[in-house]
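Colleague: Its first residue numbered 653, the first sequence is counted upward by one per residue in this note's numbering. We treat Cβ as the ideally placed atom computed from N, Cα and C, and that holds for glycine. Predicted, not measured: the structure shown is a model, and the values here were computed from it. One structure coming up, written as structure tokens, with questions to follow.
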Amino acid sequence: MPSDTSPSVDSADDAEAQPDLYRPSEIEPRWQQYWVDNASYEVDNDDPRPRGYVLCMYPYPSGAAHMGHVRNYTFGDLLTRYRTMQGEAVLSPMGFDSFGLPAENAAIRTGVHPREFTDARIAELTSSLVRIGGAYDWRREVRSHDPSYMRWTQWIFLKLLEAGLAYRKKAAVNWCPGCQTVLANEQVVDGRCERSGDLVERRDLDQWYFRITDYADQLLDDLEGLDWPERVVTQQRNWIGRSEGVEFEMPICDENGTAHPDGLTMRVFTTRPDTSYGMTFCVVAPEAPLVAQITTADRAAEVEEFVARVRNTSEIDRLSTEGSLDKRGSFTGAYALNPFTGDPVPVYLADYVLATYGTGAVMAVPGEDQRDWDFATAFGLPIIETVQRPDGFEGGAYTGDGGSVNSPPADRQGLPGPVLNGMDMVAAKAAAIEWIEAQGLGEGTVNFRLRDWLVSRQRFWGCPIPVVYCDACGIRPVPLDQLPVLAPDDVEFRPTGQSPLQSHEGFLHTTCPDCGGPARRETDTMDTFVDSSWYFLRFCDPWNDELPFDQEAVDAWMPVDQYIGGAEHAVLHLMYARFFTKALSDLGVAPEGLREPFHRLFTQGMIRLDGAKMSKSKGNLVAPEEIIDTLGADSLRLAHLAVKPPEEDVDWEDFGLEGCSRFLQRLWRVAVPGSVLVADAPVRTGEPTEVDLGILRTTNRLIEDVTRDYDRWAYNVAVAHCMAHLNELYRYVQGESGVHEPTLEFATDTLITVLAPATPHITAELWARRHDSGHVHERPWPVADESMLVEETATMVVQVNGKVRDRVEVPADADEASCIAAALASTKVSAHLDGDPRKVIARPPKIVNFVT
RNA sequence: GCCCGGGUGGCGGAAUGGCAGACGCGGCGGACUCAAAAUCCGCUGUCCGAAAGGGCGUGUGGGUUCAAAUCCCACCCCGGGCACCA
């Protein structure tokens, strides 16, 4: 109504007039500045307090923080602040995993140098992290692309090279056409590039590898002592894929058992030597060099055609179980002597046998192996059972345990092999291996699925591999005093798919450090997982310019007490970092006793929107910054904590932002000095009444509950306990009994204190206002008064035949007899009791159950 | 196929042998207001019932127990991991 002359309700003016209002956008930046100015979360290496190391996986700088970052860093920040309040010196560093393809792709698109692009993204992300309220020791920040970090990444590479743990070899590798680079096995998922989703191709290329397989046993065994989610441990175990078995020689012969003129033998690997009597044929990988030597003339044409076809088949098709087996195998014409029976068995090729695993050749036992059974059925080969089937067993191969049979077959006496009849699988295996070793045919061995880590990448925006190629001296390391090798700045980024380093004459040409002659620089860079395999060590001593880190500094902080990040790194980063830690420890770079980097691991769930994983590329991003602008960082943090158990995936729709924001406003209204709510309540002094004692008890209970909840990562439950306590306070303040000032003071201050790790800004502000600029985060974590946890009366449940019929108040220390008496006194109970109960179970003071 | 998780109101979840559904969201009602928003108070598993009260109820079916969401057996469904690795 234009003529209305009533006072304006313009919200800005209104806010000015009401100093009581909770205004996060005004409070939050001020406290963020305070924590920086006061070095609140900077810790020195000689800090006298007990030490803790809380680490969130350092982020790839993709610009302003997304919800996944907020979730991750909220959990880490809560823990840092909580443990600091418990009296620890908590190392909480932050850095950036700043090499990687997005920056290079952006350079090709826009012409902006990846460094410029990356530095700008880091600035954005840093600002986000500050706005979330993260407590970090920023002095220790590291960036993968910083020359002072690259220098030591390259230094470590050369240490590994010197130790023989880095090497170069030519092999069939995974090539991602989208990323225009090779990939490690771990970065190929279902035949596709883990990053871009492109189908990977096989190429024979010379590449750099780290000998992670040297550590296969340790990487497997040391999983035992880790406090990690079972899921991640299982994934690592699967990936390493240890299997025990035996390798043995089989002489190549013709179909009559006459030895091959060249005396050729074939080595096979099996985990089931107990079934050797059932071997009716052998299978060799088509790529095996042996194939050309043993193939008979009459089979040569068909074998050649088969090998050619397999080579041209994509990895995906080859691993597929589709297609009939007879088209996927071929007879070589050769035979091999089964040492157990002395009989010749035919040697086949099949694409299901992999050249890269074991010996690339297997003995086939169709009776006890499903793949062999399928193959034997397709090619009409004989099947011999060597393990007793359980009653009622139907189907092809039997892979379970059972008594060994048919060794030697009853109708063929005088065979060379061991007698296994009647033994169970374990005993028969042992006996077979013992026999093989005694005969000098072979020995028990262990095979792993894990392959060496391919680390070279044909990209520009990564850490250069610090070696040169000299025509005279071969591969030479760049001298340590010349590190870091830096990529030149005067490069042009073109969409050719080729790294600009490969055509940069000035970078390419150099001199050999040994002979001084002309040499060519390595143009490949390292996998970015190399950078992230040691950053947690650098955080302990980031200022060191003589070594990557000092052993004493690392000893002071490592291992990381609590590592927090996404489960998607289960077999990538987490495996590589474990390998680096062990290798650096063995090389005397890291402390001798440091065998594992991350003592405890927590993997938080993903955030989904409309059921899909939240990501920029899918355009479904909810921007944290916008929520911080309006509701504040504390509300956003609280919503992340409250919504779900932290390890579970969560849909954005389920976030209770309004509820959390409302809670903080309610907290503010009751806790801010001059609170209208409190001012309206009649104030009492003197001795506390029963009502006041009730509040004291629930407050002590709150301390107990929240401490336990924080310790067991039940953050959603911790928030619920705080909310319940605030509801209690409201009932108290608005109740008829009035408030007892010291009681209300204690109840409010305690709530603020236990919330301080979760919502740091509002609690810091309220505490400072209530206590003359004191700082809640510098206070010790509260401890519950045990005597206040004991209730004087308890609500006892009375059941008849297990059904609840009444609840009665009894003294907390009531004995069994008085509990039963109290229960019988209830008319509601006696209405259900027809005469004397047959049996009475009493658990004073919680429950009495009458059985009739 | 194998190995892990998981299945509880309209929704997210809580409860680890002893009151199922804490806390939040949503919904309903009330107070305040000219009115609305905000705020405050209350109710909110389901069925029968006017009420008092009672029946049923934690994926399904069995079992153990005075007592089971919780422990055991079998199965169904959902999510994740592994899968020609001999």
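Whole angstroms is fine: what's the gap from isoleucine 1506's alpha carbon to tryptophan 807's?
Modeller: Beyond the ends of the chain as shown, which are 653 and 1504, falls residue 1506; an answer cannot be given.
Colleague: Taking all protein chains shown into account, decide if threonine 1504 is buried (16 or more other Cβ within 10 angstroms of its Cβ) or exposed.
Modeller: Translated into positions along the first sequence, residue 1504 becomes position 852. Threonine 1504 is exposed by the Cβ-count criterion.
Colleague: Out of Gln685, Val695, Thr726, Gly720, state which residue places its alpha-carbon closest to the alpha-carbon of asparagine 1368.
Modeller: Position 716 of the first sequence, counting from 1, holds the residue named residue 1368. Closest option to asparagine 1368, Cα to Cα, is Thr726.
Colleague: From what residue to what residue does the beta strand (DSSP E) around alanine 836 run?
Modeller: Counting from 1 along the first sequence, the entry for residue 836 is found at position 184. Element bounds for alanine 836: n/a, residue is neither H nor E.
Colleague: Within the same chain, show all residues whose beta-carbon is closer than 6 Å to that of leucine 1417, passing over the 5 residues directly before and after it, in chain order.
Modeller: If you number the first sequence from 1, residue 1417 lands on position 765. The residue you asked about is not leucine; residue 1417 is glutamate in the sequence shown. Cβ within range, chain order: Ile679.
Colleague: Residue range of the alpha helix (DSSP H) that valine 999 falls in?
Modeller: Position 347 of the first sequence, counted from the start, is the residue given in the question as residue 999. Here valine 999 belongs to no alpha helix (DSSP H); instead the beta strand (DSSP E) covers 996-1002.
Colleague: If I follow the unbroken beta strand (DSSP E) through glutamate 899, where does it start and stop?
Modeller: For this step, residue 899 is matched to residue 247 along the first sequence. Here the beta strand (DSSP E) through glutamate 899 covers 895-905.
Colleague: Have a look at alanine 1229 and glycine 1240 and give me their C-alpha separation to the nearest angstrom.
Modeller: Taking the first residue of the first sequence as position 1, residue 1229 is located at position 577. Taking the first residue of the first sequence as position 1, residue 1240 is located at position 588. Rounded to whole angstroms, alanine 1229 to glycine 1240 spans 16 Å at the Cα level.
Colleague: In the DSSP assignment, what are the bridge partners of lysine 821?
Modeller: On the first sequence, position 169 is the one that residue 821 refers to. Per DSSP, Gln859.
Colleague: Is the distance from the Cβ of proline 711 to the Cβ of leucine 777 below 8 Å?
Modeller: Walking along the first sequence from the start, residue 711 turns up at place 59. Walking along the first sequence from the start, residue 777 turns up at place 125. Yes, the Cβ-Cβ distance between proline 711 and leucine 777 is below 8 Å.
Colleague: Could you give the first and the last residue of the continuous beta strand (DSSP E) run that contains methionine 746?
Modeller: Walking along the first sequence from the start, residue 746 turns up at place 94. Note, methionine 746: premise wrong, no beta strand (DSSP E); not H, not E.
Colleague: Nearest-angstrom Cα distance between asparagine 1352 and aspartate 1437?
Modeller: Indexing the first sequence from 1 puts residue 1352 at position 700. Indexing the first sequence from 1 puts residue 1437 at position 785. Whole-angstrom Cα-Cα distance: 6 Å.
Colleague: Within a Cβ cutoff of 7 Å, which residues of the same chain sit near asparagine 1196, ignoring the five residues on either side of it in sequence?
Modeller: Here the question's residue 1196 lines up with position 544 in the first sequence. Closer than 7 Å at the Cβ level, and outside the excluded window around asparagine 1196, lie Asp1202.
Colleague: From the DSSP output, in three-state form, read off asparagine 908 for me.
Modeller: What you label residue 908 is simply residue 256 of the first sequence in a count that begins at 1. In the structure shown, asparagine 908 sits in coil (DSSP, three-state: anything other than H, G, I, E or B).
Colleague: Just verifying my parser: in three-state terms, what is the DSSP assignment at serine 982?
Modeller: Reading the first sequence from its first residue, position 330 is the one you call residue 982. The answer is strand: DSSP assigns serine 982 an E or B state.
Colleague: Sort Gln1386, Asp1361, Leu851, Val722 by Cα distance to cysteine 1374 and report the nearest one.
Modeller: Along the first sequence, one-based indexing puts residue 1374 at 722. Selected option, being the one with the closest Cα: Asp1361.
Colleague: Just checking, does the stretch 734-742 make contact with the stretch 697-711 on the three C-beta pairs under 8 Å criterion?
Modeller: Taking 8 Å as the limit for Cβ pairs, the verdict is that the stretch 697-711 does touch the stretch 734-742.
Colleague: Which one or two residues does DSSP pair with alanine 1438 in a beta bridge?
Modeller: Translated into the one-based positions of the first sequence, residue 1438 becomes position 786. Before going further, note that residue 1438 is glutamate rather than alanine in the sequence given. DSSP, once it has assigned bridges, lists no residue as partnering glutamate 1438.
Colleague: Assuming proline 1194 is part of the beta strand (DSSP E), what are its boundary residues?
Modeller: The residue labelled residue 1194 in the question sits at position 542 within the first sequence. From DSSP, proline 1194 is part of no beta strand (DSSP E); its letter is neither H nor E.
Colleague: With 16 other CB atoms within 10 Å as the buried threshold, where does glutamate 1020 fall?
Modeller: The residue labelled residue 1020 in the question sits at position 368 within the first sequence. Buried: at least 16 other Cβ atoms inside 10 Å.
Colleague: Taking only the alpha-carbon atoms, compute the straight-line gap between histidine 718 and arginine 1421 and give it to the nearest angstrom.
Modeller: Translated into the one-based positions of the first sequence, residue 718 becomes position 66. Translated into the one-based positions of the first sequence, residue 1421 becomes position 769. Approximately 33 Å between the Cα atoms of the pair.
Colleague: Please confirm whether valine 999 and alanine 1007 have their CB atoms less than 8 Å apart.
Modeller: Within the first sequence, the letter at position 347 stands for residue 999. Within the first sequence, the letter at position 355 stands for residue 1007. Cβ atoms of valine 999 and alanine 1007: not closer than 8 Å.
Colleague: Candidates Arg792, Val722, Gly715, Asn757: which alpha carbon is nearest aspartate 696's?
Modeller: For the purposes of this step, residue 696 is taken as the residue at position 44 of the first sequence. The residue with the shortest Cα to Cα distance from aspartate 696 is Arg792.
Colleague: If I follow the unbroken alpha helix (DSSP H) through valine 1358, where does it start and stop?
Modeller: In the first sequence, the residue the question calls residue 1358 occupies position 706. Where valine 1358 is concerned, the enclosing alpha helix (DSSP H) stretches over 1342-1363.
Colleague: Fully enclosed by the stretch 1129-1202, which alpha helix (DSSP H) runs are 4 residues long or longer?
Modeller: Taking only runs of at least 4 residues, the alpha helix (DSSP H) segments lying wholly in the stretch 1129-1202 are 1157-1160, 1180-1183, 1187-1190.
Colleague: With H, G and I counted as helix, E and B as strand and the rest as coil, what does DSSP make of glutamate 1444?
Modeller: Numbered from its first residue, the first sequence carries residue 1444 at position 792. In this structure, glutamate 1444 counts as coil in the three-state DSSP scheme.
Colleague: Let me know the secondary structure DSSP gives asparagine 1099 once reduced to three states.
Modeller: Taking the first sequence and counting its residues from 1, one reaches residue 1099 at position 447. Three-state result, asparagine 1099: strand.
Colleague: So, glycine 1032 versus valine 936, is the Cβ gap smaller than 8 Å?
Modeller: The count along the first sequence starts at 1 and reaches residue 1032 at position 380. The count along the first sequence starts at 1 and reaches residue 936 at position 284. Going by C-beta atoms, glycine 1032 is not nearer than 8 Å to valine 936.
Colleague: Tell me, to the nearest whole angstrom, how far the beta carbon of isoleucine 892 is from that of leucine 878; I am working on the premise that it is less than 8 Å.
Modeller: As a working note, residue 892 is residue 240 in the first sequence. As a working note, residue 878 is residue 226 in the first sequence. With a Cβ gap of about 14 Å, isoleucine 892 and leucine 878 do not count as contacting.
Colleague: Going by C-alpha distance, which of Val1449, Asp1458, Val1328, Val1098 is nearest serine 895?
Modeller: As a working note, residue 895 is residue 243 in the first sequence. The shortest Cα separation from serine 895 among Val1449, Asp1458, Val1328, Val1098 belongs to Val1098.
Colleague: Taking Cβ to Cβ, would you say glutamate 1174 is nearer than 8 Å to valine 1107?
Modeller: For this step, residue 1174 is matched to residue 522 along the first sequence. For this step, residue 1107 is matched to residue 455 along the first sequence. No, these two residues do not count as a Cβ contact at 8 Å.
Colleague: Taking C-beta to C-beta, are leucine 1288 and valine 722 nearer than 8 Å?
Modeller: Stepping through the first sequence from its first residue, residue 1288 is reached at position 636. Stepping through the first sequence from its first residue, residue 722 is reached at position 70. Cβ distance < 8 Å, so leucine 1288 and valine 722 count as in contact.
Colleague: Could you tell me the distance, in whole angstroms, from the CA atom of histidine 1221 to the CA atom of threonine 1180?
Modeller: As a position in the first sequence, residue 1221 is number 569, starting the count at 1. As a position in the first sequence, residue 1180 is number 528, starting the count at 1. When rounded, the distance between both Cα atoms is 13 Å.
Colleague: State yes or no: is the C-beta of cysteine 1115 within less than 8 Å of the C-beta of alanine 1171?
Modeller: By 1-based counting over the first sequence, the position of residue 1115 is 463. By 1-based counting over the first sequence, the position of residue 1171 is 519. Taking 8 Å as the Cβ cut-off, cysteine 1115 and alanine 1171 do not qualify as a contacting pair.
Colleague: Let me know if serine 779 comes out buried or exposed under the rule of 16 or more other beta-carbons within 10 Å of its beta-carbon.
Modeller: Numbered from 1 along the first sequence, position 127 holds the residue referred to as residue 779. Burial call: exposed.
Colleague: Could you say which of Tyr734, Gly1387, Trp790 lies nearest to glutamate 694 if we only look at CA atoms?
Modeller: Indexing the first sequence from 1 puts residue 694 at position 42. The shortest C-alpha separation from glutamate 694 is found at Trp790.
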